[in-house]
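As given, the protein sequences belong to chains E and R, one line each in that order. Start counting the first sequence at 1; every next residue gets the next number (this note's numbering). Start counting the second sequence at 103; every next residue gets the next number (this note's numbering). Every residue, glycine too, gets a C-beta built ideally from N, C-alpha and C. The structure appears below as structure tokens.
2 protein chains.
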Amino acid sequence: MSPERDLYSGLIRLHILHHAVKEPIYGLGVMEELGRHGYKLSAGTLYPILHRMEKTGYLQSQTEREGKSSRRVYTATTAGKRALAKAKVKVKELFGELFEEE
Amino acid sequence: MSPERDLYSGLIRLHILHHAVKEPIYGLGVMEELGRHGYKLSAGTLYPILHRMEKTGYLQSQTEREGKSSRRVYTATTAGKRALAKAKVKVKELFGELFEEE
DNA sequence: ACTTCGATATCGAAATACGATATAGTTCAA
DNA sequence: TTGAACTATATCGTATTTCGATATCGAAGT
Numbered sequence: 001m002s003p004e005r006d007l008y009s010g011l012i013r014l015h016i017l018h019h020a021v022k023e024p025i026y027g028l029g030v031m032e033e034l035g036r037h038g039y040k041l042s043a044g045t046l047y048p049i050l051h052r053m054e055k056t057g058y059l060q061s062q063t064e065r066e067g068k069s070s071r072r073v074y075t076a077t078t079a080g081k082r083a084l085a086k087a088k089v090k091v092k093e094l095f096g097e098l099f100e101e102e
Numbered sequence: 103m104s105p106e107r108d109l110y111s112g113l114i115r116l117h118i119l120h121h122a123v124k125e126p127i128y129g130l131g132v133m134e135e136l137g138r139h140g141y142k143l144s145a146g147t148l149y150p151i152l153h154r155m156e157k158t159g160y161l162q163s164q165t166e167r168e169g170k171s172s173r174r175v176y177t178a179t180t181a182g183k184r185a186l187a188k189a190k191v192k193v194k195e196l197f198g199e200l201f202e203e204e
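In structure tokens, the structure reads:
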């Protein structure tokens, strides 16, 4: 529906990976965090993204039962950290190009 | 094949859009430029991207016949420039998060 | 009981990715 | 002057991804 999504899909994953490196994350929490950054995506989009990032090997999950109900909590794997480190170089390059002086 | 592609797909489009705003671009030229940034993508991936960005309304094209053979040359539309401006804000935000001090 | 809420999962049609393959004009050496 | 090498773009087919809609399930109100 939104044609801008194409431009942002990678950025969204990098946001997710970055947060997963810093601390454990979970689905709805990520949705809210992304919403704060102006990315509107539904649960039907986000959860499959997390599943795939786990299948790819960037994230690992475990079901947490903290008193209340259960949450599937994700943290970044070593491969995820490596992928983020590489991607940061790319983001830096893009940033440099986009905001360079004439 | 490369699972990192997921992380970069948006970055690639932003590179393309950025260049199309600065000057006219064409398929193989973009491929080489992206290659210089370490993005390896085949013609079968790139051309459909350009087609879609045109269909979306970010780019407009015309066939140029500069003496030699012909090239389909793309430039950014007003909508494309607007989309890039918006995306730049997002990239800046991501950059800030990824490279913030602790 | 019933609804709302937090949380996750899955379905299905449409769109996208990408290697492989096709097409076509130019150049240039044999 | 045939044909190999190169420039340039397009399309096909399988697999994957997107994303709204829908489903599930337990907590907590009321």
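Proximity test, Cβ basis, 7 Å: residue i and chain E
| i | result |
| --- | --- |
| Arg-115 (chain R) | yes |
| Lys-192 (chain R) | yes |
| Ala-178 (chain R) | no |
| Leu-200 (chain R) | yes |
| Ala-213 (chain R) | Chain R is shown from 103 up to 204; residue 213 (chain R) falls before or after that span and cannot be answered. |
| Ala-181 (chain R) | no |
Opposing strand residues paired with residue i [DSSP bridges]
| i | result |
| --- | --- |
| Val-73 (chain E) | E:Tyr-26 and E:Gln-62 |
Rounded separation between residue i and residue j - CA only
| i | j | result |
| --- | --- | --- |
| Gly-57 (chain E) | Gly-80 (chain E) | 7 Å |
| Gly-27 (chain E) | Leu-50 (chain E) | 8 Å |
| Thr-77 (chain E) | Glu-64 (chain E) | 18 Å |
| Lys-205 (chain R) | Val-91 (chain E) | Coverage of chain R is limited to positions 103 through 204, which leaves residue 205 (chain R) absent and any answer about it impossible. |
| Ser-42 (chain E) | Ala-85 (chain E) | 27 Å |
| Glu-32 (chain E) | Gln-164 (chain R) | 43 Å |
| His-139 (chain R) | Ser-70 (chain E) | 43 Å |
| Ala-87 (chain E) | Arg-174 (chain R) | 31 Å |
| Lys-157 (chain R) | Ser-111 (chain R) | 18 Å |
| Val-132 (chain R) | His-15 (chain E) | 27 Å |
| Lys-22 (chain E) | Asp-6 (chain E) | 26 Å |
| Val-89 (chain E) | Val-191 (chain R) | 18 Å |
| Ile-12 (chain E) | Pro-24 (chain E) | 17 Å |
| Phe-197 (chain R) | Leu-34 (chain E) | 15 Å |
| Met-53 (chain E) | Leu-59 (chain E) | 6 Å |
| Pro-150 (chain R) | His-120 (chain R) | 18 Å |
| Glu-4 (chain E) | Glu-100 (chain E) | 23 Å |
| Thr-177 (chain R) | Arg-82 (chain E) | 36 Å |
| Glu-97 (chain E) | Lys-142 (chain R) | 19 Å |
| Ala-20 (chain E) | Gly-44 (chain E) | 20 Å |
| Met-103 (chain R) | Leu-46 (chain E) | Because the pLDDT of Met-103 (chain R) is 40, which lies under 50, any placement of that residue in the model is unreliable, and the number read from its coordinates should be weighed accordingly. Spanning the two alpha carbons is a distance of roughly 22 Å. |
Interface flag, residue i vs chain R, CB-CB below 7 Å
| i | result |
| --- | --- |
| His-37 (chain E) | yes |
| Glu-93 (chain E) | yes |
| Met-1 (chain E) | Caution applies to Met-1 (chain E), whose pLDDT of 39 falls short of 50 and renders its modelled position unreliable; the value that the coordinates give is listed next. Chain R, which has no Cβ nearer than 7 Å to the Cβ of Met-1 (chain E), makes this no. |
| Leu-46 (chain E) | no |
| Ala-43 (chain E) | no |
N- and C-terminal bounds of the alpha helix (DSSP H) containing residue i
| i | result |
| --- | --- |
| Lys-192 (chain R) | 180-200 |
| His-153 (chain R) | 145-158 |
Heavy atom of the ligand PLP within 6 Å of residue i beta-carbon
| i | result |
| --- | --- |
| Arg-13 (chain E) | As far as ligands go, the structure on display features none, and thus does not contain the ligand PLP. |
- Task: Please name the residues in the stretch 5-29 of chain E whose beta-carbon is closer than 7 Å to at least one beta-carbon of chain R, in chain order.
- Result: Within the stretch 5-29 of chain E, the residues whose Cβ lies closer than 7 Å to any Cβ of chain R are, in chain order, Asp-6, Leu-7, Tyr-8, Ser-9, Gly-10, Leu-11, Arg-13, Leu-14, His-15 and His-18.
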